[in-house]
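Participant: I'd like to ask some things about the structure below.
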Amino acid sequence: MRQPLFDFDLKRVSSEHYVTGKAAINFPHSGSTTGGWHYLSYFDRVSGVAKVSLAGIHYPDTTAFFSDLGIIDVTEQMAKPGWSVEGRQLHMADHYRAAADMIKRWAFSESANCNLEVDEWFPSPSEKQQLLKVLDVAEPELF
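Under numbering that gives the first Met the number 0, think of the first position of the sequence shown as 0, with each following residue one higher.
And the structure:
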């Protein structure tokens with residue numbers, strides 16, 4: 000049986016199995032210019048469904064490449080709109096780590112296309128530079 004692409008709640012979210020991919024890219028992290036209304040398609044409070052990809056479950060475990068760089072505790076931020084799991088911390092990739100996870104997933108796949116929109120998600124030169132810095136961290140593991 001094929002592995003599901005998403006979890007529909009936050010019960011398995013941890014620092015090891017953090018939210019990544021497009022749910023993390025579209026989450027409105029404080030201090031970031033990306034994210035916005037698109038996060039509503041991943042976090043639907045009305046239905047109580049969170050459609051999230053987790054590192055090490057739906058996405059490859061990229062710890063060997065990026066360590067814990069860009070994995071943040073979003074417990075308080077998620078609790079504000081009503082997302083919480085009793086007694087547990089919620090972790091999510093910041094935008095740069097989520098993009099790096101997506102790039103690593105694509106680079107080691109059979110797909111000819113990478114579903115990453117660098118110009119849209121990282122519009123400024125400094126944001127693009129920050130993404131490159133995150134990717135540089137993985138270089139020793141690649142060669």
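Glycine residues also receive a C-beta, built at the ideal position from the N, C-alpha and C atoms. Keep in mind the model is a prediction, meaning the values are calculated, not measured.
Please report whether the beta-carbon of ALA97 lies at a distance below 7 angstroms from any beta-carbon of chain D.
Facilitator: Among the chains in the structure shown there is no chain D, since it carries only a single protein chain.
Participant: What residue range is occupied by the uninterrupted alpha helix (DSSP H) comprising ALA98?
Facilitator: In the sequence shown, counting from the first residue as 1, residue 98 sits at position 99. Where ALA98 is concerned, the enclosing alpha helix (DSSP H) stretches over 94-106.
Participant: Who are ASP135's beta bridge partners in DSSP?
Facilitator: To locate residue 135, count along the sequence shown from 1; it is residue 136. In the DSSP output, where bridge partners are listed per residue, ASP135 has none listed.
Participant: Would you say LEU143 and THR74 are within 7 angstroms of each other, going by their C-beta atoms?
Facilitator: Nothing in the structure corresponds to residue 143, since the chain is present only between 0 and 142.
Participant: Rounded to the nearest angstrom, what separates SER108 and GLN129 at their Cα positions?
Facilitator: Along the sequence shown, read from residue 1 onward, the residue named residue 108 stands at position 109. Along the sequence shown, read from residue 1 onward, the residue named residue 129 stands at position 130. Answer to the nearest angstrom: the Cα atoms are 24 angstroms apart.
Participant: With DSSP as the reference, label LEU53 as helix, strand or coil.
Facilitator: Position 54 of the sequence shown, counted from the start, is the residue given in the question as residue 53. Here LEU53 sits in strand by DSSP.
Participant: If you draw a straight line from the C-alpha of THR62 to the C-alpha of VAL48, how long is it?
Facilitator: Reading the sequence shown from its first residue, position 63 is the one you call residue 62. Reading the sequence shown from its first residue, position 49 is the one you call residue 48. Roughly 27 angstroms between the two C-alpha positions.
Participant: Can you give the Cα-Cα distance for PRO122 and GLU138, rounded to whole angstroms?
Facilitator: On the sequence shown, residue 122 is found 123 positions in, with the first residue counted as 1. On the sequence shown, residue 138 is found 139 positions in, with the first residue counted as 1. Each residue's Cα considered, the two are about 24 angstroms apart.
Participant: Please report the distance separating the alpha-carbon of LEU141 from that of ARG87.
Facilitator: Counting from one through the sequence shown, the residue named residue 141 turns up at place 142. Counting from one through the sequence shown, the residue named residue 87 turns up at place 88. So the alpha carbons of these two residues sit roughly 34 angstroms apart.
Participant: Can you tell me which of the three DSSP states VAL18 falls into?
Facilitator: By one-based count along the sequence shown, residue 18 stands at place 19. The answer is strand: DSSP assigns VAL18 an E or B state.
Participant: Quick check on this structure: which residue in SER14, ALA111, TRP105 has the alpha carbon closest to the alpha carbon of PRO59?
Facilitator: The count along the sequence shown starts at 1 and reaches residue 59 at position 60. The candidate whose alpha carbon is nearest that of PRO59 is TRP105.
Participant: Three-state secondary structure (DSSP) at ASP118?
Facilitator: Numbered from 1 along the sequence shown, position 119 holds the residue referred to as residue 118. Helix at ASP118.
Participant: Report all residues from its chain with a CB closer than 7 angstroms to the CB of HIS16; omit the five preceding and five following residues, and keep chain order.
Facilitator: Walking along the sequence shown from the start, residue 16 turns up at place 17. Taken in chain order, the residues that qualify are LEU53, ALA54, GLY55, ILE56.
Participant: Should ASP6 be labelled buried (16 or more other beta-carbon atoms within 10 Å of its own) or exposed?
Facilitator: For the purposes of this step, residue 6 is identified with residue 7 of the sequence shown, where counting begins at 1. ASP6 should be labelled buried.
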